[in-house]
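Sequential numbering of the sequence shown, starting at 183, is according to the numbering used here. Ideal Cβ positions, reconstructed from N, Cα and C, are used throughout, including at glycine. Predicted model, so just to flag it, every value in this text is computed and none were measured. All remarks here apply to the structure that follows.
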Amino acid sequence: MDTADQARAVRQEPSTDFSRQNESTVGKVASLTRRSPLIVAVALFYILLWGSAFIATKVGVSYSPPLTFLAIRFLVAALLMALLAWAWRVPWPRGWAAWGRLSLFGLLNCALYLGCNYEALRSLSAGMGSIIAATNPLLLTLVAPFVLRERLTWWRVLGLLLGFGGVLFVMGARLNGNGQLDTVGGMLISFIGVIGLVAATLFYKRYPPREHAFVVNTVQLGAAGLALLIPALLFEHPEQFTLNAPLIESFLYLVLVISIGASLLWFWLLQRGEASVVSAYYFLTPIAGLALAALLLGEPFTLRDALGLVAVAAGIALINRPVRARD
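In structure tokens, the structure reads:
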């Protein structure tokens, strides 16, 4: 999933392509009891889409150099988003400062985060990748008291312990029992990407974009795609590229369904003032990712994985727990 979603849920402002639900919004997630079944269904479908992105990515990097694949994906998606912005006659950023702000956000949110993830998935299972990505709200909650002056309640502390404990529990089992799928190097690269995503969320919090979602998506995707072309041309080679049906299908899925479709779903929720529903269900993202990886890719799913996943989901749910005065 992509960054700043929970920040957007609080501000109710349009923002990025990768709504990756990652900012601490304790006390600001609205009650779901008043939501219509349609709103809840769309929010759950949105989360399912982001969980499925790791599956398509794992397939794509199996037949293509990861940075080349990602750069082309970003540039194609940016072109399509620009066409949507033009069709809706949305105004573009005014001044170099606005362009620079959105570009920097794209470098952190897209180029660094997903660049590391794509590279990591060469030696990491899709399920493990989705679990590591889910540590973003945990890391953000850990640094928020120092950077954003947010409260670190006992419920958040318990959520952090459960969340990180669950991740370590699953990582230990995967390294010991399934080393052919998950390696230490892949996990470290994935964690570096998460740190980039945390930085993007903090940057968003300090400098929230005022532009339309289509424009923000177009600029950040274009900037990230151009930035990734440089290391792709320097370090990756054409002979690593295998054009086949799985590669084409994964590419089209990531561009049309994830970069474009999920963004339109987010905007649909945003227009109805229901963005916070996604944040409330964010704890389901690693569950969806690991379950889809087991079903579609045949990746192993053990009892230890399930126990660790429950701990991660519980930790994220506690972090998103509404804050009361007595907390």
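Query raised in the report: For G288 versus F433, is the C-beta spacing smaller than 8 angstroms?
Result: no
Query - Span of the alpha helix (DSSP H) around Y389 - result: Per DSSP, Y389 belongs to no alpha helix (DSSP H) and is neither H nor E.
Report task. Give me the Cβ distance between P327 and I498, rounded to the nearest whole Å; I'm assuming they're in contact under 8 angstroms. Result -> Going by Cβ atoms, the distance from P327 to I498 rounds to 18 angstroms, so no, they are not a contact pair.
Requested in this report: Determine, using beta-carbon pairs with one atom in the region 229-242 and one in the region 303-315, whether at least three such pairs fall under 8 angstroms.
Outcome: yes
Query raised in the report: Helix, strand or coil: how does DSSP classify W448 here?
Result: helix
Query raised in the report: The alpha helix (DSSP H) with T323 in it runs from where to where?
Result: N318 to V329
Query raised in the report: Going by beta carbon distance, what residues of the same chain come within less than 7 angstroms of F258, once the five residues before and after it are set aside?
Result: Note on identity: in this sequence residue 258 is Val, with Phe being the wrong assignment. Excluding sequence neighbours, V258 sits near V437.
Query raised in the report: Does the beta carbon of F236 fall short of 7 angstroms from some heavy atom of the ligand SAM?
Result: No copy of the ligand SAM appears in this structure; indeed no ligand is present at all.
**Report entry** Sequence-distant residues of its chain with Cβ nearer than 7 angstroms to D364 (five each side left out)
**Finding:** L306, S307, M310, R356 and L357
Requested in this report: Determine the closest residue to L384 out of P275, L290, A279 and W274, with distance taken between C-alpha atoms.
Outcome: L290
Query - Distance, V366 Cα to G354 Cα - result: 10 angstroms
Query raised in the report: So, are the CB atoms of Y463 and I229 less than 8 angstroms apart?
Result: yes
**Report entry** R283: first and last residue of the uninterrupted alpha helix (DSSP H) it sits in
**Finding:** W278 to G288
Requested in this report: Using a threshold of 8 angstroms, state whether the C-beta atoms of F346 and L489 are closer than that.
Outcome: no
Query - Same chain only: Cβ atoms within 7 angstroms of T400, ignoring 5 sequence neighbours per side - result: A260, M263, A264 and A267
Report task. Output the distance between the C-alpha atoms of H394 and L322, rounded to the nearest integer angstrom. Result -> The straight-line gap from Cα to Cα measures roughly 25 angstroms.
Report task. Could you tell me the distance, in whole angstroms, from the CA atom of L411 to the CA atom of C292? Result -> 13 angstroms
Query raised in the report: Can you give the beta carbon distance from C298 to S372, rounded, assuming they're within the 8 angstroms contact cut?
Result: About 6 angstroms; that satisfies the 8 angstroms criterion.
Query raised in the report: Can you list the alpha helix (DSSP H) stretches of 4 or more residues lying completely in the region 348-416, in chain order?
Result: Entirely contained in the region 348-416, the alpha helix (DSSP H) runs reaching 4 residues are, in chain order, 366-388.
Query raised in the report: Using a Cβ-Cβ cut-off of 6 angstroms (strictly less than) and excluding sequence neighbours within five positions of W281, which residues of its own chain qualify?
Result: P275
Query - Every unbroken alpha helix (DSSP H) within the region 224-273, with a cutoff of 4 residues, ordered by chain - result: 248-269
Report task. Would you mind stating whether V349 and I314 have Cβ atoms separated by less than 8 angstroms? Result -> yes
Query - As assigned by DSSP and simplified to three states, the class of S218 - result: coil
Report task. Using alpha carbons as the reference points, say which of S246, L334, A225 and L231 lies closest to N426. Result -> S246
Query - Candidates L408, G277 and F396: closest to T250 by CA position - result: L408
Requested in this report: Please state whether DSSP places K210 in a helix, a strand or coil.
Outcome: In this prediction, K210 scores a pLDDT of 38, lower than 50, which makes its location untrustworthy; no coordinate-derived value is stated.
Query - Sequence-distant residues of its chain with Cβ nearer than 6 angstroms to L231 (five each side left out) - result: A444
Query raised in the report: What residue from L343, V494, I374 and G404 has the CA that sits closest to L286's CA?
Result: G404
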